[in-house]
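Asks: The following block contains the structure, expressed as structure tokens.
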Amino acid sequence: MPKVTVDKDKCNGDGICVSVCPVSVFEMQNEKSVPVNQDACIVCRACETQCPTQAITVEE
Ligand code: SF4
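Residue numbers (the working numbering): 1054 to 1113.
Here is the structure:
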């Protein structure tokens, strides 16, 4: 099962991951991205590649 991690110190709260994830893994909470729906991740890596601060790590 994929593991999606957001480094809260790096997250700038722009919400790009919320926009690019095709299966709605992320939700904004207190202006930080939280991977609330990791089980749905299809490991497309759109979040990893598009996050401008490299805050997201996806492990298969
Ligand atoms: S790898 Fe793809 S499916 Fe998984 S959390 Fe990132 S954008 Fe969503």
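Don't be surprised by glycine CBs; every beta carbon is placed ideally from N, CA and C.
Verify the contact flag: C1100, CB atom, against every heavy atom of ligand 1, threshold strictly below 8 Å.
Replies: The answer is yes for C1100.
Asks: Any idea what DSSP makes of V1073, helix, strand or coil?
Replies: V1073 falls in the helix class under three-state DSSP.
Asks: By alpha-carbon positions, which one of G1068, E1113, P1055 and V1111 ends up nearest to N1083?
Replies: Residue G1068 is the option with its Cα nearest to N1083.
Asks: Mapping DSSP to helix, strand and coil, what is T1102?
Replies: T1102 falls in the helix class under three-state DSSP.
Asks: Work out the CA separation of E1113 and M1054 for me, nearest whole Å.
Replies: Going from the Cα of M1054 to the Cα of E1113 covers about 6 Å.
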